[in-house]
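To start, the structure under review is shown below, and the notes come after it.
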Amino acid sequence: MQDTVKLSDVAFTASVKAEQERHGSRRAYEKMDFRSGARSLEPFLAEVDTAYLATATKDGQPYAQHRGGRPGFIKVIDDETIGFADFEGNRQYVTTGNLAENESAFLFLMDYAHRRRVKIWGRARMTEDPEVVSRLIDPSYPASAERALLFTVTAFDINCPQHIPQKLDAQLVRQAIAARDARIEALEAELAALRGAPAPAGGAGAA
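By the count of the working numbering, the sequence shown reaches residue 211 at its end, each step adding exactly one.
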């Protein structure tokens with residue numbers, strides 16, 4: 005199990021530190037540590053359905069791609085590793101090619117409903133091992149996986165919710181509305197019974 009990794013060891017280069025010094029934030033970040041250990045991410049990952057994966061060429065040309073699935077599509081493999089099935093896409097293989105020559109990678113995870121974001125630094129690689137792919141794929145998800153991505157977590161940081169818009173999953177909203185309507189209908193029936201009159205036809209929303 006790796007030790008806690010200091011912020012400066014991962015994201016803050018000399019140039020970044022110089023800018024922090026210039027703008028007066030260096031002292032605050034000097035004492036700040038990133039957390040490490042993949043298992044501590046498990047509760048958050050169980051709810052995440054959206055991720056952005058950043059890689060770079062060996063020359064440093066950056067590239068970012070969206071990755072998504074059902075909540076929990078990113079799974080914890082062991083104390084230092086998380087992973088997910090790599091579904092078939094446009095067959096450009098930019099991420100796959102980048103990782104073949106530069107294993108440095110970054111995951112940006114969003115939970116819009118609760119206004120949370122997690123940044124994860126580490127190293128990544130693709131594998132076509134059928135046993136690994138089988139472990140990470142959701143058989144009920146309507147897509148086929150060519151391979152899996154394994155991500156070794158170096159460090160992660162949970163940011164503040166500032167400027168994150170709250171967005172709710174449409175299915176969750178429909179469920180909440182259905183539950184509300186059912187409750188209203190039950191209350192109308194109860195009220196009608198107390199008054200000795202029939203409940204309004206159609207339940208919630210009836211004119």
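All residues carry an ideal CB built from backbone N, CA and C; glycine is no exception.
- Is the distance from the Cβ of Val-122 to the Cβ of Ile-81 below 9 Å? If you number the sequence shown from 1, residue 122 lands on position 118. If you number the sequence shown from 1, residue 81 lands on position 77. No; because the gap between Cβ atoms is not below 9 Å, this pair is not in contact.
- Task: Confirm, please, whether the CB-CB distance from Glu-150 to Glu-135 is below 9 Å.
- Result: Translated into positions along the sequence shown, residue 135 becomes position 131. Translated into positions along the sequence shown, residue 150 becomes position 146. The answer is no: Cβ separation not under 9 Å.
- Query: What are the boundary residues of the alpha helix (DSSP H) that Leu-45 is part of?
  - Reply: If you number the sequence shown from 1, residue 45 lands on position 41. Premise fails: Leu-45 is in no alpha helix (DSSP H) and is neither H nor E.
- Item | Segment limits, beta strand (DSSP E) that includes Gln-24 | The residue you call residue 24 lines up with position 20 of the sequence shown. Not the beta strand (DSSP E): Gln-24 falls in the alpha helix (DSSP H), residues 18 to 27.
- Query: What are the uninterrupted segments assigned as beta strand (DSSP E) that are 3 or more residues long and contained completely in the region 123 to 164, given in chain order?
  - Reply: 149 to 162
- Sequence-distant residues of its chain with Cβ nearer than 7 Å to Arg-30 (five each side left out): Within the sequence shown, numbered from 1, the residue matching residue 30 stands at position 26. Correct list, in chain order: Lys-21, Gln-24.
- Query: DSSP state of Ile-86, grouped into three classes?
  - Reply: Stepping through the sequence shown from its first residue, residue 86 is reached at position 82. The three-state reading of DSSP puts Ile-86 in strand, counting E and B together.
- Task: Assign Arg-71 to one of two classes, buried (16 or more other C-beta atoms within 10 Å of its C-beta) or exposed (fewer than that).
- Result: Here residue 71 is taken as the residue at index 67 of the sequence shown, counted from 1. Flag for Arg-71 reads buried.
- What's the gap between the Cα of Ser-108 and the Cα of Leu-176? Here residue 108 refers to the residue found at position 104 of the sequence shown. Here residue 176 refers to the residue found at position 172 of the sequence shown. Cα-Cα distance, rounded: 35 Å.
- Message: Applying the 10 Å Cβ sphere with the 16-neighbour rule, what's the burial state of Asp-185?
- Response: The sequence position of residue 185 within the sequence shown is 181, counting from 1. By the neighbour-count rule (16 or more Cβ atoms within 10 Å), Asp-185 is not buried but exposed.
- Message: Taking 6 Å as the limit between beta carbons, can you name the residues of its chain near Tyr-97, skipping five residues before and five after?
- Response: If you number the sequence shown from 1, residue 97 lands on position 93. Excluding residues up to 5 positions away in sequence, nothing lies with its Cβ nearer than 6 Å to the Cβ of Tyr-97 in the same chain.
- Can you tell me where the beta strand (DSSP E) with Gln-69 in it begins and where it stops? Residue 69 sits at position 65 when you count from the first residue of the sequence shown. Run containing Gln-69: 66 to 72, per the beta strand (DSSP E) assignment.
- Sort out for me which residues DSSP pairs Lys-62 with in a bridge. For the purposes of this step, residue 62 is identified with residue 58 of the sequence shown, where counting begins at 1. According to DSSP, which records beta bridges pairwise, Lys-62 is partnered with nothing at all.
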